[in-house]
Every structure is written in C-alpha cells, then in structure tokens.
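Here's the structure, in structure tokens; my notes come after.
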Amino acid sequence: MARSCIVCTHPERVAVDAALVAGETQAAVASTYSLPPSSVSRHFRGHLDTALVGFSGNEAGEGLSLIDRLVRSLGDLEAVRRQALTSGNSGHVIRAAAASNALIQTLLDRLGVDDLSVATDLRTAHFLALSVGAATRVNPETGRLIAARLRDHGLHDDAAALDAVAAKAEQQQFENRQNGIEK
Ligand SMILES: [Zn+2]
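Everything in the sequence shown is counted per the UniProt record's numbering, starting at 1 for the first residue and increasing by one.
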C-alpha cells in the first residue's frame, strides 16, 4: 500500500473503494471524487483491499445492472464482515462495515429510496451487529444467549458467527484465569 497514493490517503477512500468494488467505472469514480484518472487506475490495480475485492473479477458483472452488482457486492461484503468478525480482525470488520454502509447508501440512491427510516434501519442493524460482537467479546454468555435467539429466528449463519466469537472470548477468559492462577 504505497503511502504516496493519493487515493489510499483520500479521506473518502472507503467510499472510493466501495464504488470501484461495486463496478462503477474508474472514470466515473475519478470524476466523482475529483481524482486524476491515472491515480484511480493505479490504485485499482495495486491497492484495493484484497479482502474486499477478492470476489470481484471471478464473475465479471457483465450484463448485470449496477443495482444487481451493488446487491451482489453487499452480500459479499457481508460475508467478508462475518469472516473478519469470526477471526477477530477488527480492522477488516470496520472497513467492511464502512464499505457496506457506503454501498447501502449508493444502493438507496440508485433505487430512489428517500425514506430515511429504511436507511436508518439498515445502518442501525449494522452498528447493532458490531455492538453485539463487541459485547460478546467482553461477556461471552451474552453472545451465547443472542446466538440462541438468532437461531430461533432461522438466522443460523449469524448465530454461528456469534458463537464463534463467544467461543474465542471464553477461551481467552479461561487462559487469563489460568495465567492468574500460575502467577
Ligand atoms: Zn492507492
């Protein structure tokens, strides 16, 4: 990740990356963020977060509408976020959540959704998910309880991800106790 890249250091880098991941043309992105097209091109080829774009390219979005690509990217980002949550990579969780937020905003704009409550609900759900993850790391039992509820509602993937976070936290607490005894 070259420090000299003006896209990497751009304050709206997450939004730029999200737009590129969503399949917006480099020219359009350059124009939207007032960036030189050559910089966007170099950034796209060399610096895009591979975890966020690992999925793009295998199935080229040819023939898909922008909205289809946005929805697909959102699903992929969600998968990245869950994986990052499970592996405890908080940097990736935050990046993926921020990119999801940017995508959701773009999607809502494209769909002409100006109902703020829909946008707020989606955003709230995201931050709620992040908060639950954080709470679980502090108190695994809370996570286990929420995971059981999620399972009751058929949200097995989310429940499994949360259980994994809880298991990791329990292990950590166990190790901390062991260390405390030995000292
Ligand atoms: Zn860059």
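Ideal Cβ positions, reconstructed from N, Cα and C, are used throughout, including at glycine. Quick caveat: nothing in here was measured; it's all calculated off a predicted structure.
| Asked | Found |
| --- | --- |
| Whole-Å CB distance - residue 42 paired with residue 5, under 8 Å assumed | 7 Å |
| DSSP-derived helix/strand/coil call for residue 35 | coil |
| The segment 84-95 contacting the segment 163-178, beta-carbon criterion three pairs below 8 Å | yes |
| Selected residue, minimal CA-CA separation from residue 47, among 152, 80, 10, 147 | 10 |
| Nearest-angstrom Cα separation, counted from residue 75 out to residue 151 | 20 Å |
| Short Cβ contact (8 Å threshold) for residue 95 with residue 14 | yes |
| Rounded distance between the beta-carbons of residue 35 and residue 7, thought under 8 Å | 6 Å |
| Burial state of residue 19 (16 or more Cβ within 10 Å) | buried |
| Residue 17 classed as buried or exposed, judged by whether at least 16 other C-beta atoms fall within 10 angstroms | buried |
| Residue 198: CB within 7 Å of a non-hydrogen atom of ligand 1 | No answer is possible for residue 198: the residues shown for the chain start at 1 and end at 183. |
| Three-state secondary structure (DSSP) of residue 87 | helix |
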